[in-house]
Amino acid sequence: MPFLDHLEELRWRILYSLLAILLTTLVGWVLVERVDIIGLLIRPVAPLVPGGRLKFTSPTEPFLITLKFAFVVGLLLASPFVIYQAWAFLAPALYEREKRVIVPALSVGVLLFLGGASAAYLWALPRVLRVLFSFQRAVLEPIITADKYFGFAAQFMIACGLAAELPLVIVVLAALGIVTPQFLVRNLRYAVVLSAVAAALLAPPDAFSMVVGMVFLLLLYGVSILGAWVVTRRRAPRGAAGPGPPRYWSSCPWEGPRLPGGKAGYPAPTRPPATGAASPAPRGPLAPPARR
Numbered sequence: 105m106p107f108l109d110h111l112e113e114l115r116w117r118i119l120y121s122l123l124a125i126l127l128t129t130l131v132g133w134v135l136v137e138r139v140d141i142i143g144l145l146i147r148p149v150a151p152l153v154p155g156g157r158l159k160f161t162s163p164t165e166p167f168l169i170t171l172k173f174a175f176v177v178g179l180l181l182a183s184p185f186v187i188y189q190a191w192a193f194l195a196p197a198l199y200e201r202e203k204r205v206i207v208p209a210l211s212v213g214v215l216l217f218l219g220g221a222s223a224a225y226l227w228a229l230p231r232v233l234r235v236l237f238s239f240q241r242a243v244l245e246p247i248i249t250a251d252k253y254f255g256f257a258a259q260f261m262i263a264c265g266l267a268a269e270l271p272l273v274i275v276v277l278a279a280l281g282i283v284t285p286q287f288l289v290r291n292l293r294y295a296v297v298l299s300a301v302a303a304a305l306l307a308p309p310d311a312f313s314m315v316v317g318m319v320f321l322l323l324l325y326g327v328s329i330l331g332a333w334v335v336t337r338r339r340a341p342r343g344a345a346g347p348g349p350p351r352y353w354s355s356c357p358w359e360g361p362r363l364p365g366g367k368a369g370y371p372a373p374t375r376p377p378a379t380g381a382a383s384p385a386p387r388g389p390l391a392p393p394a395r396r
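For the sequence shown, the numbering used here gives the first residue as 105, with consecutive numbering after it.
Here it is as structure tokens:
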């Protein structure tokens, strides 16, 4: 397909995805108005604020919060259609082996993201809020606005959902032969640094949340090493003792494979006798090829 045809197809698929998001956002508005979604998300912080209700400081804030939640609900509803459009555009450029790896990984990735975000809402967020509210409680009284709280909670849940994808990404890379468990263990110190940077960028801007995010990422990195080890063991043939020593081939076609230095296990090559001529005297192993 010509390049301009690819661009035309991409344009239409993006337009279809945006139209689907717009329609599902309208459905999300109805759901937010009819179902108490905002009240459901306030539950982790409700026992910690006076009266169990959040404040707002701008006349337009309730409308904007409702619009944001409608968009998020619409995005969740439209995500299967958007993922299908992206896959339909990219699938013709992939090999069959890549498709067999990516299709299950994509399904598991969605489940991992939802599982990480749900765990953050049900378990991690209430405990993090309880710890944060415990500082200077004798002299300070919280006045939490809805905009600040929902921004904090959304950032925390999205960070946990993205962090839950780490084992899947590393397992896919190990299945494709790009990384190995030994490589991951050797680069553990770099993983610690990257975990600190990712926690500082993804977690809410306070020291406690960043430390919790860093520890969570390192635990996921350990799970990723275990998953990569399982995948590499399954890829290896049964009874195989691992890859043998590297072989070096000479430029002469009759010399066969050999190792530098004439190591044991590889017989010394000899030249075949010429036709009609007497057999030459036995000779020692040929010198190894010069290293470049």
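All C-beta atoms, glycine included, are put in the ideal place defined by N, C-alpha and C.
Predicted, not measured: the structure shown is a model, and the values here were computed from it.
What's the gap between the Cα of residue i and the Cα of residue j?
{"i": "V207", "j": "Q240", "result": "50 Å"}
{"i": "L330", "j": "R201", "result": "23 Å"}
{"i": "G366", "j": "F320", "result": "In this predicted model, G366 has a pLDDT of only 46, less than 50, meaning its place in the structure is not dependable; the value taken from the coordinates is given anyway. Whole-angstrom Cα-Cα distance: 51 Å."}
{"i": "A73", "j": "S183", "result": "Residue 73 lies beyond the residue range present for the chain, which begins at 105 and ends at 396; the question has no answer from this structure."}
{"i": "L292", "j": "L323", "result": "12 Å"}
{"i": "L218", "j": "P166", "result": "26 Å"}
{"i": "K203", "j": "P271", "result": "19 Å"}
{"i": "Y120", "j": "L130", "result": "16 Å"}
{"i": "A295", "j": "V283", "result": "14 Å"}
{"i": "T249", "j": "L298", "result": "33 Å"}
Between the options, which lies nearest to residue i when the distance is taken from Cα to Cα?
{"i": "L171", "options": "L126, A302 and A190", "result": "L126"}
{"i": "G45", "options": "T161, A224 and L179", "result": "Outside the modelled stretch of the chain, which goes from 105 to 396, sits residue 45, for which no answer is possible."}
{"i": "A223", "options": "T161, I262 and T164", "result": "I262"}
{"i": "R337", "options": "Q286, R290 and A302", "result": "Q286"}
{"i": "F260", "options": "E112, P148, S162 and L210", "result": "P148"}
{"i": "E245", "options": "E113, T128, Y199 and P154", "result": "P154"}
{"i": "A258", "options": "V214, L158, G213 and F173", "result": "F173"}
Just to confirm the assignment, what range does the alpha helix (DSSP H) spanning residue i have?
{"i": "R138", "result": "F107 to R138"}
{"i": "A224", "result": "Element bounds for A224: n/a, residue is neither H nor E."}
{"i": "I262", "result": "A250 to A267"}
{"i": "L229", "result": "L229 to F237"}
{"i": "E165", "result": "E165 to L194"}
{"i": "Q286", "result": "P285 to R290"}
{"i": "V153", "result": "Neither: V153 is in no alpha helix (DSSP H) and is coded neither H nor E."}
{"i": "A242", "result": "First-last for A242: undefined, no H or E at that position."}
{"i": "G143", "result": "I141 to I146"}
{"i": "L272", "result": "L270 to A279"}
Cutting at 8 Å between CB atoms, please list the residues of its own chain near residue i, excluding the five before and the five after it.
{"i": "F312", "result": "V232, V235 and L236"}
{"i": "R115", "result": "none"}
Could you name the residues of the same chain whose beta carbon sits closer than 7 Å to that of residue i, not counting the 5 residues immediately before and after it, in chain order?
{"i": "V316", "result": "V232"}
Among the residues of its own chain, which have a CB less than 6 Å from the CB of residue i, if the five just before and after it don't count?
{"i": "V327", "result": "P271"}
{"i": "A124", "result": "A182 and F185"}
{"i": "V177", "result": "G132 and L135"}
Can you find a C-beta in chain B that's less than 9 Å from the C-beta of residue i?
{"i": "A258", "result": "Annotation note: the requested chain B is absent from the structure, which comprises a single protein chain."}
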